[in-house]
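Engineer: Sequence lines, in order, name chains A and B.
Counting along the first sequence from 1, when you hit position 31 you're at 35 in the working numbering, and nothing is skipped either side.
Counting along the second sequence from 1, when you hit position 150 you're at 154 in the working numbering, and nothing is skipped either side.
Every residue gets a Cβ at the ideal spot worked out from N, C-alpha and C, and that includes glycine.
Number of protein chains: 2
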Amino acid sequence: MPGNRAPLSRERVLRAAVAIADAGGLGTLTMRSLARELDVKPMSLYHHVANKDEILDGIVDLVFGLIDLPSPDGDWRHELHRRSTSARRVLGRHPWAVGLLVSRTAPGPATLRHHDAVVGTLRRAGFPVDLTAHAFALLDSYVYGFVVQEAALPFRGDDGAADVTGRIMDGFSPGDYPHLVEMATGHVLLPGYDFGDEFGFGLDAVLDAIAGWLR
Amino acid sequence: MPGNRAPLSRERVLRAAVAIADAGGLGTLTMRSLARELDVKPMSLYHHVANKDEILDGIVDLVFGLIDLPSPDGDWRHELHRRSTSARRVLGRHPWAVGLLVSRTAPGPATLRHHDAVVGTLRRAGFPVDLTAHAFALLDSYVYGFVVQEAALPFRGDDGAADVTGRIMDGFSPGDYPHLVEMATGHVLLPGYDFGDEFGFGLDAVLDAIAGWLR
DNA sequence: ACCTGAACACCGTTCAAGT
DNA sequence: ACCTGAACACCGTTCAAGT
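1) So if I threshold CB-CB distances at 9 Å, which residues from the stretch 20-38 of chain A count as touching chain B?
2) Under a CB-based cut-off of 9 Å, is A/VAL220 close to chain B?
3) Listed in chain order, which residues of the stretch 63-86 of chain A have Cβ atoms closer than 8 Å to some Cβ of chain B?
4) Which first and last residues belong to the alpha helix (DSSP H) in which B/ALA114 is found?
5) Less than 8 Å between the CB of A/ARG93 and some heavy atom of the ligand COA, yes or no?
6) Buried or exposed: which applies to B/MET47, given that a residue is buried once 16 or more other Cβ atoms fall within 10 Å of its Cβ?
7) By a C-beta neighbour count over all protein chains shown, 10 Å radius and 16 as the cutoff for buried, is B/GLY161 buried or exposed?
8) Could you check how far apart the C-beta atoms of B/VAL67 and A/LEU184 are, in whole angstroms? I think they sit under 8 Å.
9) In terms of residues, what are the limits of the alpha helix (DSSP H) holding B/LYS45?
10) Looking at the C-beta of A/GLY1, does it have a partner C-beta in chain B at a distance below 9 Å?
11) Return no unless some Cβ of chain A is closer than 9 Å to the Cβ of B/PHE150.
12) Can you name the residues of chain A whose CB is closer than 8 Å to the CB of B/ARG108?
13) Just to confirm my understanding: we take A/ALA213, look at its own chain, exclude 5 residues before and 5 after, and list those with CB closer than 8 Å. What are they?
14) Please report the residue range of the alpha helix (DSSP H) in which A/THR89 lies.
15) Look at A/GLY69 and A/ARG14 and say whether their C-beta atoms are less than 9 Å apart.
16) Along chain B, in chain order, which residues have C-beta atoms closer than 8 Å to that of A/LEU142?
17) Taking only three categories from DSSP, how would you classify B/HIS52?
18) Taking C-beta pairs closer than 8 Å, name the residues in chain B that A/HIS118 reaches, listed in chain order.
19) Report yes or no: do the stretch 79-86 of chain A and the stretch 35-53 of chain A share at least 3 C-beta pairs separated by less than 8 Å?
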């Protein structure tokens, strides 16, 4: 691993932590694996972060910092479409981040800046503060939840889908879950299907609904 | 703890695991804390579950089993409204379950039965299979994502909100996050506000959108 | 059949010591 | 200032032994 012996820093620690979580899941991210990745002893990490909890908060915030911000001066719908697509892509690449979200209550600066830009875009577009709260809750619920589904449903990748459909169909008594079987064999497993394509469809529906509130 | 010395069973192990995760978060759920709760030695657990991973899969499925199923014969919109409200309440009580969702790909029988009932309700209502997939993705993304937001955003409980607003306002340079500050002081922190109330508003918007696809 | 004691290879973190 | 060795109280899990 080239360049790993640059001087340690909070930044490098967090970046390495993201890399480990991406590669093997959150379960493989330990202070010791992180130290190994950085070619350092575990205790050295504590000079740059207070503890593992701060690392978890830090990598969530780092991931939020990768999401494109909406420009408050552009067309609100176009800007929120672009940032939502970016959010889904970024969070989809680091799905453990959404998993971590439910257990932390200390949003970092990048996360706050992100939310501030979304709220600001809605306010600038003319949404009153109560409708802005509605829109914020609806839009970001959709984005987070889609990432959860995409990570959890085994309807991705060509192999994964077939795998689980197999489990559904023969792991249990035949005839259970008839509608899931129909959905799988009649739609999801057909060549052109990609669950990820559902995102844009739902996103447009959500933005339509929000746009309707403005009139 | 009365009745804890009933004979061990997979059922009792999973129930105790849920209780521990509810009380102290997933981080406090260990094979050893679980054994202690059940008044048994850690190794006894392995006679009822293969390993901790199976416990995690098991408690997610247990929680899904608590959600009201829609009846495929009722009015689809009413049924999905009822089951979505139930899902939000149940998952909101056990928020770690949604966090776990992103890292598992082995849905259990209760989870599959749940999804089957939702898909069946949509099919019975006359949605073709492709629109059923759209509706399923949109609706459940919204439900999961709302639970994530409600757990993550510190906009709940009277104290929590004030806490974080404090952090937002003085922890960082003043004037950062102006829109979040406006949203907090001008809306979210006002006496009658409860973020949870946003759920029904967004749910109706989502169901409106889905209903529109049927015509 | 069900439970357990002892052991192994791990964790996060502290503390005192090195450069 | 930054890094580290040794140690502590924990983990999940295996294996051989008990009833």
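Structural biologist: With the given structure in hand:
1) Cβ contacts with chain B: GLY29, LEU30, GLY31.
2) With chain A represented from 5 up to 219, any question about residue 220 of chain A goes unanswered, as that position is not in the structure.
3) Result list empty, no residue passes.
4) From DSSP, the alpha helix (DSSP H) with B/ALA114 extends over 113-128.
5) With respect to the ligand COA, the structure shown offers nothing to examine, as it has no ligands at all.
6) Per the 10 Å Cβ criterion, exposed.
7) Bear in mind that the predicted position of B/GLY161 carries a pLDDT of just 49, short of 50, making it unreliable; the figure below should be weighed with that in mind. Exposed, because fewer than 16 other Cβ atoms sit within 10 Å of the Cβ of B/GLY161.
8) Not confirmed; about 19 Å, so no contact.
9) Looking at the DSSP string, B/LYS45 is not in any alpha helix (DSSP H), and its letter there is neither H nor E.
10) It is not possible to answer for residue 1 of chain A, since the shown part of chain A is limited to 5 through 219.
11) Interface residue (Cβ-Cβ distance to chain A less than 9 Å): B/PHE150 is classified as such.
12) Neighbours of B/ARG108 on chain A, chain order: ALA156.
13) If we look at A/ALA213 and ignore the five residues flanking it on each side, its Cβ neighbours are LEU142.
14) The continuous alpha helix (DSSP H) containing A/THR89 extends over residues 80-97.
15) With contacts defined as CB atoms closer than 9 Å, A/GLY69 and A/ARG14 fail to qualify as a contacting pair.
16) The contacting residues are TYR146, GLU202, PHE205, GLY206, ALA209, VAL210.
17) Correct three-state label for B/HIS52: coil.
18) For A/HIS118, there are no neighbours in chain B by C-beta distance under 8 Å, as the nearest C-beta there is about 10 Å away.
19) Three or more Cβ pairs closer than 8 Å define a contact, and the stretch 79-86 of chain A falls short of that threshold against the stretch 35-53 of chain A.
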